[in-house]
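*Asks:* Mapping of the sequence shown onto this note's numbering: residues 18 to 222, in sequence order.
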Amino acid sequence: MLDVSISKMRTSRPLRLFLLFCLCVVVVTGIANGSLNLIRRPVPSVAQRYPGTSPVWDLGPLGVVKMAIEDTVSYPLNGSGADLKWESMLPKGGGIVYVGQNKEPYMLSLYHQLKCLDVLRHFHIATVEGRASAFDGLAHHCLNYLRQMVLCRSDLRLESVENSDGANAVDMYGELTCVDWRQVYSRVEENQKSVEGGSSVISPP
């Protein structure tokens with residue numbers, strides 16, 4: 018009986034060692050695969066972290082400036098230098114900023130609206146001149162986009178009505194207190210430089 022027990026022990030010990038070895042292999046393989054998955058796992062995009070909405074590019078409190086509302090001649094509809102003048106409204110890179118760990122490109126709505134104004138300007142000129150415009154397809158988009166932006170912001174500034182019985186001519190002249198857009202342009206430029214220099218970009222909260 019003793020010999021049989023010893024024989025069983027001798028037989029089962031190698032088996033236990035083999036099973037222990039197999040278990041170690043499984044555990045080590047699982048840890049390795051898990052580590053690789055963590056390494057390979059892509060960083061969620063800003064769009065994935067903000068489903069159905071847009072991330073916020075928080076610049077902190079911005080200053081204010083005064084703007085005189087008037088029919089300026091500085092941004093003409095057409096004529097010599099008009100194109101360059103309107104193009105100068107956009108900063109370097111067309112108003113695109115890069116946010117998040119993946120440096121994902123986003124355009125500020127401010128610049129999208131300015132671009133759309135220029136699209137409608139080109140479309141109007143082409144229509145008056147009776148020719149096709151490269152902006153034909155964008156004109157409808159821009160008209161609706163600007164409509165939606167105006168409604169979304171719902172500016173409550175009161176403007177005097179000069180002729181309530183006729184064409185309802187509105188006196189738009191006056192002075193507005195506005196967000197200092199120069200600070201926005203400056204921060205966009207900083208963002209562009211940070212991307213070009215390879216440093217980290219401003220991330221949304």
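Idealized CB from N, CA, C, for every residue including glycine.
All of these numbers come straight from a predicted model, not from anything done at the bench.
Could you tell me the boundaries of the beta strand (DSSP E) in which Tyr123 lies?
*Replies:* Tyr123 -> beta strand (DSSP E) spans 121 to 124.
*Asks:* Reducing DSSP to helix, strand and coil, say where Glu206 ends up.
*Replies:* Looking at Glu206 - three-state DSSP - the assignment turns out to be helix.
*Asks:* Exposed or buried, which one is Lys132 when buried takes at least 16 other CB atoms within 10 Å?
*Replies:* Buried.
*Asks:* Report the partner residues of Gly115 according to the DSSP bridge assignment.
*Replies:* Per the sequence shown, the amino acid found at residue 115 is Tyr instead of Gly. DSSP, once it has assigned bridges, lists Pro122 as partnering Tyr115.
*Asks:* Can you check whether the CB of Gln209 is closer than 8 Å to the CB of Gly110?
*Replies:* Cβ distance < 8 Å, so Gly110 and Gln209 count as in contact.
*Asks:* Please say whether Val178 and Val167 have beta carbons closer to each other than 8 Å?
*Replies:* No, these two residues do not count as a Cβ contact at 8 Å.
*Asks:* The alpha helix (DSSP H) spanning Ala186 covers which residue range?
*Replies:* That residue, Ala186, is in no alpha helix (DSSP H); it is neither H nor E in DSSP.
*Asks:* Short check: CB of Pro93 to CB of Ala99, under 8 Å?
*Replies:* Contact: yes.
*Asks:* To the nearest angstrom, report how far apart Glu207 and Gln165 are at their CA atoms.
*Replies:* Cα to Cα, the separation comes out at about 29 Å.
*Asks:* Compute the Euclidean distance between the alpha carbons of Ser211 and Asp197, then round it to the nearest angstrom.
*Replies:* Straight-line Cα distance between these residues: approximately 22 Å.
*Asks:* Measuring straight from C-alpha to C-alpha, what distance separates Glu121 and Ser71?
*Replies:* Distance between the alpha carbons of Glu121 and Ser71: 12 Å.
*Asks:* Using 8 Å as the cut-off, can you tell me whether the region 127 to 146 makes contact with the region 75 to 91, which would need three or more C-beta pairs spanning the two stretches below that distance?
*Replies:* No: fewer than three Cβ pairs fall under 8 Å.
*Asks:* Using DSSP with H/G/I as helix, E/B as strand and the rest coil, what is Leu155?
*Replies:* In this structure, Leu155 counts as helix in the three-state DSSP scheme.
*Asks:* How is Asn54 classed by DSSP in three states: helix, strand or coil?
*Replies:* Low per-residue confidence applies at Asn54: pLDDT is 46, beneath 50, and the placement is therefore not dependable, though the value from the model is reported in the following sentence. DSSP places Asn54 in helix when its eight states are reduced to three.
*Asks:* Starting from Lys109, trace the alpha helix (DSSP H) both ways and give me its first and last residue.
*Replies:* Taken as a continuous stretch (DSSP letters only), Lys109 belongs to no alpha helix (DSSP H), as it is neither H nor E.
*Asks:* Assign Leu195 to one of two classes, buried (16 or more other C-beta atoms within 10 Å of its C-beta) or exposed (fewer than that).
*Replies:* Reading the sequence as shown, one finds Cys at residue 195 and not Leu. The residue is exposed, with fewer than 16 neighbouring Cβ atoms inside 10 Å.
*Asks:* Along the beta strand (DSSP E) that carries Glu179, what are the first and last residues, could you check?
*Replies:* Glu179 -> no beta strand (DSSP E), and no H or E assigned at all.
*Asks:* Quick test of your reading: Ala149 and Ala156, contact by CB under 8 Å. State the CB separation rounded to the nearest angstrom.
*Replies:* In fact, because the Cβ distance is near 12 Å, the residues do not count as touching under 8 Å.
*Asks:* Check the C-beta distance from Leu125 over to Gly112 and give it rounded, since I have them as a contact under 8 Å.
*Replies:* With a Cβ gap of about 5 Å, Leu125 and Gly112 count as contacting.
*Asks:* In angstroms, rounded to a whole number, what distance separates the CA positions of Cys159 and Glu213?
*Replies:* The straight-line gap from Cα to Cα measures roughly 30 Å.
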